[in-house]
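Engineer: Got a structure for you, questions after.
Protein chains: 2
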Amino acid sequence: MKSLKYIFEPKSVAVIGASATPGTVGNAIFSNILLSNFHGVVYPVNPKYSNVMSVKAYKDVIAIPDAIDLAVVCVPKTIVENVIIQCAEKGIKGIVVITAGFKEIGESGKLLEEKTIAITRKNDIALIGPNCLGIVNTQKEISLNANFAIEIPHAGNVALISQSGAIGIAALEYAHQHDLGISKFVSIGNKAVIDESDILEYLIDDDATKIITMYAEDIGHPARFFEMANKANAKQKPIIIIKTGRSVRGAIAIQSHTGALSSSDIAYDSLFAQCGVIRVETLAEVFEYAKGFTCLVHPKGNRVVVLTNAGGMGVIATDAAERNGIEMATFEPQTLDALKKTLPPNANIYNPVDIIGDADAERFTNALSIIVKDKNIDALVVSVTPTVETDMDAIAKSLCDFAKSNPDLPILANLMSLEPEPLFEQILKKANIPNFDFPETNIRVLASMVKYYKWINQPLTKVTKFEVDKKSVRDIINTIQQENRTHLTEPESYKILEAYGMKVVDYRVAKNLETTILAASQIGYPVVLKIVATEILHKIDVGGVKINLKDENELKKAYHEINESIKNKKLDDKIRGFLIQKYFITKGIEIILGADAIQGFGSLIMFGLGGTYVELFKDVAFRLAPLTRQDALNMIQQTKAYQIFKGFRGQSTYDIESIAEYIIRLSQLVTDFSEIKELDMNPVKVLEDSQGVIVMDAKAIIEVQHSVVEQKIKSEKEELVA
Amino acid sequence: MKSLKYIFEPKSVAVIGASATPGTVGNAIFSNILLSNFHGVVYPVNPKYSNVMSVKAYKDVIAIPDAIDLAVVCVPKTIVENVIIQCAEKGIKGIVVITAGFKEIGESGKLLEEKTIAITRKNDIALIGPNCLGIVNTQKEISLNANFAIEIPHAGNVALISQSGAIGIAALEYAHQHDLGISKFVSIGNKAVIDESDILEYLIDDDATKIITMYAEDIGHPARFFEMANKANAKQKPIIIIKTGRSVRGAIAIQSHTGALSSSDIAYDSLFAQCGVIRVETLAEVFEYAKGFTCLVHPKGNRVVVLTNAGGMGVIATDAAERNGIEMATFEPQTLDALKKTLPPNANIYNPVDIIGDADAERFTNALSIIVKDKNIDALVVSVTPTVETDMDAIAKSLCDFAKSNPDLPILANLMSLEPEPLFEQILKKANIPNFDFPETNIRVLASMVKYYKWINQPLTKVTKFEVDKKSVRDIINTIQQENRTHLTEPESYKILEAYGMKVVDYRVAKNLETTILAASQIGYPVVLKIVATEILHKIDVGGVKINLKDENELKKAYHEINESIKNKKLDDKIRGFLIQKYFITKGIEIILGADAIQGFGSLIMFGLGGTYVELFKDVAFRLAPLTRQDALNMIQQTKAYQIFKGFRGQSTYDIESIAEYIIRLSQLVTDFSEIKELDMNPVKVLEDSQGVIVMDAKAIIEVQHSVVEQKIKSEKEELVA
């Protein structure tokens, strides 16, 4: 098994391509390792030099007399393959390839990269890169700075994984400037061998790492990422990710049938949502949230108290609370009484508590000691503006004392500084109290903490499995495949759903007028009459659908009209028969259920409200199959439609449990049969109270299709080139 | 006329309450003025001292032998009144009262404040405060730092108005730290005499100020603010405002009928939207946007080019562009050709342009000189990550040269720093190129610039006035007031609308069965039958409404049922007659139009889609009356419903012009008659194509009512106290 221990915790490192020339990568890496107080031995390898920076150099790794754990490769790309063969020969188990010019430049580079992969696979080598910036381990007993950017970052508990080298550097610089401590840094580049999930697996067991941050442009193996993220949750290590490439989604956002909406970015959103990963939109947020989580205290709920010496900050925090789903705690009467007795008469004793501009450290302490006794409090934001009377350092100190005696209460500070690097920031940092520029940031960060800890503390539910008739579905799919078809007929789609326990509106299939009339009389009028055909996708367009037929006469008339139309269009031979369906006018709410296979992710399940307006409002939710009951309920609750099902404004209530059940049954179906590439139930009628749900129409495809996103990207590229 | 010249540009200043004791406000203010290189004369006034900081002190202003332009008052509140009387006697025309303890502490303070106001009114004195932190003018020829926070901020073109003193200080500190130049600062405190609109009026003509930022908790006189904001627009001075107090809105957001949604924060949103004021949600945004506008170059459109040495930054910027409504420019073929020839083969020549990590200043210059020739470009974002090869200062310099030769192209930089205060930031600052931490900020800021300049460059439209029958409305309102009623009957509401040229569904009023039947036959079946009553608000609840009556028999039956029900409920004497209306089933889209009088703001006009679902999705727009045609069209376009009217997914189109016309007619009605406190047209049916719109139902109230917001705040306070 390849191990990342050789990468992050080597006892000896060879820098292949080390150089004494300043401004070169080989020089930057070697000198960074040499000067970063690395606890092992570093060997420069370069046939051109006898020594590099006064350290004896070797012509190749083979020539080094000692065992080597890690090789950092920064030689020209043409000799990378050879160097790696030598590393393998030497028995090196960890390699970081800085050199670029592989997969990212096209076919020739891809070939080179594949050769490299083959060697590492054969020899059980963990390889980072190529086309990366290196790695850092700030742990005191290692102290390895094998990247070429800056001096070793401050040690801390935040790990940083970056797919982009440049963003990795920028992030490191930013962390350095803002004094955010880093445990490990890794620029994963082309991810030829080691990808983000492998790094996650390592970090989960890395005691120095408490928070994991990541810049990603794709996730190599979603299923493995999902598994690792859940393991990280079990260890209460939050993962904060900025995953770019959302914008294609916007381009297709108007379309709202399953296929269209199921762009891969939605798959990423679903993936992250289903394993508690905190997805952010901006780099600034990555660091803000990471800083917040460094306090390592879990809010038990979402009720915050804002304590300030400036009323305006209290108002800003309150607005931010509402915007971010944070509740301003309501005090118990005894808290109000105590605050009233202790604070000056001009103070505002209600939350946000304003203890006025002349508040000193003592007044803050007094207020805090009262507030903390209130049982309605889950977190604390302390916002202090500098005034003539403010001794910020003293307030910071008393806040630290308070935090020490209340280790279970999350405290986020917003002490505003008069200088660029104020002393109080160091004081707060030592006590693990994160400090932010503006109170709205405190609230936003707190909201993400609340959400994360709520997620990891929720009871684990298993994927529900219903008793189903797998064999019938298998038979239908086999038939279709034998007939070399991709699109199921409506009766086929219905049968698949029925086999998985879903109720479809009453229907019959008939071959001629006589059996059509019989079928209608069995179902009961009014009915719908449709053609059954495998090669006609838009039945309405060819006059193949007649609705609301109230009696036998109307049915006969419709039957003849359909046949006439079909004959005129010379489609007679495509017709397999007739579908007679109940024309269902019972009151209810129309919803859409769908599933769409996404390359690499499995099936993406969609739930949403039906109807024209709703396409406009895009009130839909997505999750990746397989789904637990909780997942299904979360999907429903996430939509505004949930308000309707609960009984909007005193109107009827609907059977939410049944909707959840159908979502799970759909999930089970597409999980059992990955051949199903698309399945749309539109509409599904949700009946009032607990009368259940009925599928009114369904379509299914069992074929590999290019996703809408891929098509969109393709056509955009063509446009650009044209 | 009171003039702010005495406040901001005094030749002589008296600090009343000046003190030599460090840590006191009187000391801070006096020493700040004395040490800020003030170009006039400053006099300490304090009967306790013969001198303050070696400057001769006076026992009161009267004792000063010279004329005084500005008095800064920081004496105990009990003697403020007396001090102001003395100032008036001395002929001082500008006063800043730092002292707190007035309106903000309740009745006693309010009384004190009113006395002060009376004196200043009588003597034409411009007074800032009380309960404020002072003012600053950084202009070289004035250099006045009459506040008690820090040393004088860097001079620049951003004015800062703060209602909260503490936030004012925090903002000043932040600006100081982030090197944002300030022209004027004013803490307006209780706004007893001078309010934000007065300051705006002054700043509009202040050449040193190009951008106006503001922290506000309320706007004293919305109409005057509106006027001043428009004047600022004419001078192309953007106003960036953070107005707090949104959160009450959220508490009532679920309710979506006019009254409920028309909270005062919506009035503020409308006010700002109607005069191009940039409202932001966070303090951080105030400064980001102000920084962006300091480049003073107007984007002509929203097409941006992102040029970077790091692909990842390009992706982040592209995502941000889509999120913020900014278009990634598409290059002309010749641009692509030229870029291809000039840039290394690994570069990405499509926008976002990635010229790779080893790009030097020359490559940036080369790329820029090609890109700038493309006619599809409105703005430029340059994002540079530090790599071994990057000479940031050189890149900054070449960017400045480029900016100099392209003065009409807005350039926003994102040069990332290796040090806390890098040299290149100074280089960029001198060339007026704003630099931000992350590319997403550049895009967000650019978006606000695009929006602002689009707003101020739009053609000015006048408020449309239709020919209407004012007299009829006056008569109806007189009648209602004489009868001491507040709620109009339906026929009264209809008549008012008809008088203002709005079409109401065909109706008649009848007194008995005979005339009811006659009315129905004139209208034509099916009809609706309703009671007309002044004191019964919920007619359905008392069985007073029957719909879809298809013939005379059904009408008769309904008539008797209604009368039976009314009799049983002993409501006979409340009935004024019967309303017979066409039961209108023509296809169309239901909308809601409403007007709600908001204290201080005039009437807030609402437009939105009708129906249950839409209440859920809150697809509504608001504007303050009176409205121009453009305002009305903006309202419609702002909603998602606009997509429906335009013909959603190949469905029917609707008459948008007619909707706009009805919005304007409603605006005209409530502007002409401020007695109308609430007017709801719900639903209004919009017919297909150009068949116009018809009001189906309407309600009106002519009474001063407590707004829902006020009620909500009141009940919340009661809860807190209980």
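Read top to bottom, the protein sequences are chains A and B.
All residue numbers for the first sequence refer to numbering that gives the first Met the number 0, where the first residue is 0 and numbers rise by one.
All residue numbers for the second sequence refer to numbering that gives the first Met the number 0, where the first residue is 0 and numbers rise by one.
Note that CB positions come from ideal geometry on N, CA and C, so glycine has one too.
Given that a residue counts as buried once 16 or more other Cβ atoms are within 10 Å of its Cβ, and exposed if not, what is A/GLY649?
Structural biologist: The residue is exposed, with fewer than 16 neighbouring Cβ atoms inside 10 Å.
Engineer: For B/LYS698, report the span of its beta strand (DSSP E) as first-last.
Structural biologist: Counting along the chain, the beta strand (DSSP E) containing B/LYS698 begins and ends at 697-700.
Engineer: Measure from the alpha carbon of B/TYR288 to the alpha carbon of each residue in B/ARG362, B/PHE29, B/GLU439, then state which is nearest.
Structural biologist: Closest by alpha carbon: B/GLU439.
Engineer: Comparing the C-beta of A/LEU536 with each C-beta of chain B, is any distance below 8 Å?
Structural biologist: Output row for A/LEU536: interface = no.
Engineer: Do we get a CB-CB distance below 8 Å when we pair A/ASP436 with the residues of chain B?
Structural biologist: Answer yes: the Cβ-Cβ gap between A/ASP436 and chain B drops below 8 Å somewhere.
Engineer: Do three or more CB pairs link the stretch 556-569 of chain B to the stretch 621-635 of chain B at distances below 8 Å?
Structural biologist: At 8 Å Cβ cutoff, the stretches do not touch.
Engineer: What residue does the alpha helix (DSSP H) around A/THR364 start on, and which one ends it?
Structural biologist: Looking at the DSSP string, the run of the alpha helix (DSSP H) that includes A/THR364 is 360-370.
Engineer: Could you tell me whether the Cβ atoms of A/PRO351 and A/GLY313 are closer together than 8 Å?
Structural biologist: Their beta carbons are under 8 Å apart, which means A/PRO351 touches A/GLY313 by this criterion.
Engineer: Taking B/GLN667 as part of the alpha helix (DSSP H), name the residues at either end of that continuous run.
Structural biologist: Counting along the chain, the alpha helix (DSSP H) containing B/GLN667 begins and ends at 655-671.
Engineer: Between the alpha carbons of A/LYS230 and A/ALA699, how many angstroms are there, rounded?
Structural biologist: Computed Cα separation, rounded: 35 Å.
Engineer: Going along the chain, which unbroken runs of the alpha helix (DSSP H) with 4 or more residues stay wholly within the stretch 79-133 of chain A?
Structural biologist: Segments of the alpha helix (DSSP H) lying fully in the stretch 79-133 of chain A: 79-89, 106-121.
Engineer: Would A/LYS676 count as contacting chain B if we go by Cβ distances under 8 Å?
Structural biologist: Closer than 8 Å: no.
Engineer: Around the Cβ of B/ASP474, are there at least 16 other Cβ atoms within 10 angstroms (buried) or fewer (exposed)?
Structural biologist: B/ASP474 is exposed by the Cβ-count criterion.
Engineer: Against chain A, with Cβ distances strictly below 8 Å, would B/MET415 count as a contact?
Structural biologist: Output row for B/MET415: interface = yes.
Engineer: Could you give the C-beta distance for A/ILE530 and A/PHE577, rounded to a whole number, given that I count them as a contact under 8 Å?
Structural biologist: Right, their Cβ atoms sit about 6 Å apart.
Engineer: Below 7 Å on C-beta distance, what does A/PHE616 contact in chain B?
Structural biologist: Going along chain B in sequence order, the residues near A/PHE616 (Cβ under 7 Å) are PHE616, LYS639.
Engineer: Here's the rule: buried if 16 or more other CB atoms are within 10 angstroms of the residue's CB, otherwise exposed. What is A/ALA328?
Structural biologist: Label assigned to A/ALA328: buried.
Engineer: Out of curiosity, what's the CA-to-CA distance linking A/VAL54 and A/PHE29?
Structural biologist: Taking the straight line from one Cα to the other gives about 10 Å.
Engineer: Which of helix, strand or coil does DSSP assign to A/ASP679?
Structural biologist: Strand at A/ASP679.
Engineer: Quick check: the stretch 658-671 of chain A against the stretch 618-629 of chain A, are at least 3 beta-carbon pairs closer than 8 Å?
Structural biologist: A contact exists between the stretch 618-629 of chain A and the stretch 658-671 of chain A.
Engineer: Would you kindly check if the distance between the Cβ of A/ILE160 and the Cβ of A/MET213 is under 8 Å?
Structural biologist: Contact: yes.
Engineer: Between B/VAL541 and A/LYS545, what straight-line distance do the alpha-carbon atoms span, to the nearest angstrom?
Structural biologist: Cα-Cα distance, rounded: 43 Å.
Engineer: Looking only at its chain, what residues have a beta carbon closer than 6 Å to the beta carbon of B/SER18, apart from the 5 residues adjacent to it on each side?
Structural biologist: Closer than 6 Å at the Cβ level, and outside the excluded window around B/SER18, lie GLY25, ASN26.
Engineer: Can you tell me whether A/LEU202 is helix, strand or coil according to DSSP?
Structural biologist: Helix, per DSSP.
Engineer: Report yes or no: do three or more beta-carbon pairs, one from the stretch 263-278 of chain A and one from the stretch 158-178 of chain A, lie closer than 8 Å?
Structural biologist: Touching, no, given that fewer than three Cβ pairs across the two stretches are closer than 8 Å.
Engineer: Need the endpoints of the alpha helix (DSSP H) that A/GLY164 sits in, please.
Structural biologist: It spans 164-176 - the alpha helix (DSSP H) in which A/GLY164 sits, taken as one unbroken run.
Engineer: What residues in the stretch 302-314 of chain A have a beta carbon less than 9 Å from any beta carbon of chain B?
Structural biologist: Cβ contacts with chain B: THR307, ASN308, ALA309, GLY310, GLY311, MET312, VAL314.
Engineer: Which of the residues in the stretch 0-13 of chain A, read from start to end, lie with their CB under 8 Å from any CB of chain B?
Structural biologist: Within the stretch 0-13 of chain A, no residue qualifies.
Engineer: Provide the residue(s) that pair with B/MET312 in DSSP beta bridges, ordered along the chain.
Structural biologist: Answer is none; B/MET312 lacks a bridge partner.
Engineer: When we look at the beta-carbon of B/GLN457 and count the other beta-carbons within 10 Å, is it buried (16 or more) or exposed?
Structural biologist: Exposed.
Engineer: What residues in the stretch 281-298 of chain A have a beta carbon less than 8 Å from any beta carbon of chain B?
Structural biologist: Within the stretch 281-298 of chain A, the qualifying residues are THR281, LEU282, ALA283.
Engineer: Could you please tell me which residues of the stretch 212-232 of chain A, in chain order, have their CB closer than 9 Å to any CB of chain B?
Structural biologist: Those residues of the stretch 212-232 of chain A that come within reach of chain B (Cβ to Cβ, closer than 9 Å) are TYR214, GLU216.
Engineer: Specify, as a first and last residue, the run of the alpha helix (DSSP H) that A/ILE238 falls within.
Structural biologist: Not the alpha helix (DSSP H): A/ILE238 falls in the beta strand (DSSP E), residues 238-242.
Engineer: Using a Cβ-Cβ cut-off of 7 Å (strictly less than) and excluding sequence neighbours within five positions of B/LYS190, which residues of its own chain qualify?
Structural biologist: Excluding sequence neighbours, B/LYS190 sits near GLY219.
Engineer: Using a Cβ cut-off of 8 Å, pull out every chain B residue sitting near A/SER651, in sequence order please.
Structural biologist: Within chain B, no residue comes near A/SER651; the closest Cβ sits about 11 Å away, beyond 8 Å.
Engineer: For the alpha helix (DSSP H) holding B/ASP595, just list the boundary residues, first then last.
Structural biologist: Not the alpha helix (DSSP H): B/ASP595 falls in the beta strand (DSSP E), residues 588-597.
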